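Trainee: One structure follows; several queries about it will come next.
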Amino acid sequence: MIPLNEFTETLIGEEPHAGEQCVLIRIAGCNLDCRWCDTPDREKIIERVETDELADRAVKTGRPWALVTGGEPMNCDETPELLGALLSREICVLMETNGSFSLEKVPPEVVKSVDIKTPSSGFAGRFMESNLEFLDKKDVAKFVIADRNDFDWALNEIERLDLFSKSGVIFSPVWEIMEPKVLVRMILDCGLPVRLSVQLHKILRIK
Ligand code: SF4
Numbered sequence: 001m002i003p004l005n006e007f008t009e010t011l012i013g014e015e016p017h018a019g020e021q022c023v024l025i026r027i028a029g030c031n032l033d034c035r036w037c038d039t040p041d042r043e044k045i046i047e048r049v050e051t052d053e054l055a056d057r058a059v060k061t062g063r064p065w066a067l068v069t070g071g072e073p074m075n076c077d078e079t080p081e082l083l084g085a086l087l088s089r090e091i092c093v094l095m096e097t098n099g100s101f102s103l104e105k106v107p108p109e110v111v112k113s114v115d116i117k118t119p120s121s122g123f124a125g126r127f128m129e130s131n132l133e134f135l136d137k138k139d140v141a142k143f144v145i146a147d148r149n150d151f152d153w154a155l156n157e158i159e160r161l162d163l164f165s166k167s168g169v170i171f172s173p174v175w176e177i178m179e180p181k182v183l184v185r186m187i188l189d190c191g192l193p194v195r196l197s198v199q200l201h202k203i204l205r206i207k
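Number 199 in our numbering belongs to position 199 of the sequence shown; there are no gaps in the numbering.
Structure representation (structure tokens):
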């Protein structure tokens with residue numbers, strides 16, 4: 001059974017695929033407690049649902065994407081089964097994860113957005129580096145940037161992990177802490193093919 005925190009129809013808020021219509025499946029629970037977390041009620045369970053029933057509900061919305069997020073979706077043992085059930089119903093699947101659990105059981109067709117925690121979050125170093133072998137060019141490694149220290153740390157990690165050879169790389173400003181235009185300047189000055197992602201759902205004030 002999947003512990004469900006939220007099930008709603010909305011737009012994907014961040015890269016990759018920002019702006020696309022989706023059904024958002026938020027799985028309750030997380031193994032971290034990040035300083036910038038925007039899901040304070042992440043432990044709340046509104047209901048427990050069988051994976052097949054949840055996949056059926058998602059497909060019935062008619063939206064082209066299922067966004068599986070959390071909390072931390074890989075904190076739930078049945079998430080890989082849910083991902084497979086969604087894919088078998090021919091809906092595109094994007095999963096947001098903090099990368100601290102193995103992604104070995106995640107079907108390769110799932111688009112992954114892996115949030116590599118920066119120092120300001122309080123959880124730098126929690127990314128499981130063996131997950132690099134499960135990333136490919138459709139996926140993104142995301143760094144949420146609060147300040148110059150996060151930015152420089154992220155550049156070091158990109159080089160150390162050779163990230164550009166594995167996936168896309170996006171930087172996202174911490175909401176109301178890092179001005180997007182300041183981050184844009186830093187990205188342009190660094191000369192690397194980093195992409196900016198802003199949190200569309202917050203700008204539009206939608207879920
Ligand atoms: S991993 Fe995500 S859901 Fe969990 S505490 Fe950090 S920001 Fe919040």
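Every residue gets a Cβ at the ideal spot worked out from N, C-alpha and C, and that includes glycine.
Remember, it's a predicted structure, so these values are computed and weren't measured experimentally.
How is Thr-118 classed by DSSP in three states: helix, strand or coil?
Mentor: Here the question's residue 118 lines up with position 118 in the sequence shown. Thr-118 falls in the coil class under three-state DSSP.
Trainee: Could you check if Leu-32 belongs to the surroundings of the ligand SF4, using beta carbon to heavy atom distance under 7 Å?
Mentor: To locate residue 32, count along the sequence shown from 1; it is residue 32. True, at least one ligand heavy atom lies under 7 Å from that Cβ.
Trainee: Are the beta-carbon atoms of Ile-45 and Pro-73 separated by less than 8 Å?
Mentor: Here residue 45 refers to the residue found at position 45 of the sequence shown. Here residue 73 refers to the residue found at position 73 of the sequence shown. Against a cut-off of 8 Å, the Cβ pair of Pro-73 and Ile-45 comes out as no contact.
Trainee: Which runs of the alpha helix (DSSP H), 4 residues or longer, sit entirely within the stretch 132-196?
Mentor: 148-160, 180-190, all fully within the stretch 132-196.
Trainee: Just the C-alpha distance for Leu-83 and Lys-60, rounded to the nearest angstrom, thanks.
Mentor: Position 83 of the sequence shown, counting from 1, holds the residue named residue 83. Position 60 of the sequence shown, counting from 1, holds the residue named residue 60. Straight-line Cα distance between these residues: approximately 16 Å.
Trainee: Where does Met-95 fall in DSSP's three states?
Mentor: As a first step, residue 95 must be located in the sequence shown, where it is residue number 95. DSSP places Met-95 in strand when its eight states are reduced to three.
Trainee: Hey, would you say Val-194 sits closer than 8 Å to Val-174, going by beta carbons?
Mentor: Against the sequence shown, residue 194 aligns to sequence position 194. Against the sequence shown, residue 174 aligns to sequence position 174. No. Outside cutoff.
Trainee: Find the nearest neighbour of Ile-53 within the set Asn-31, Leu-183, Ile-25, Ile-187, judged by alpha-carbon distance.
Mentor: On the sequence shown, position 53 is the one that residue 53 refers to. It should be pointed out that residue 53 corresponds to Glu in this sequence rather than to Ile. Of the listed residues, the one whose Cα sits closest to Glu-53 is Ile-25.
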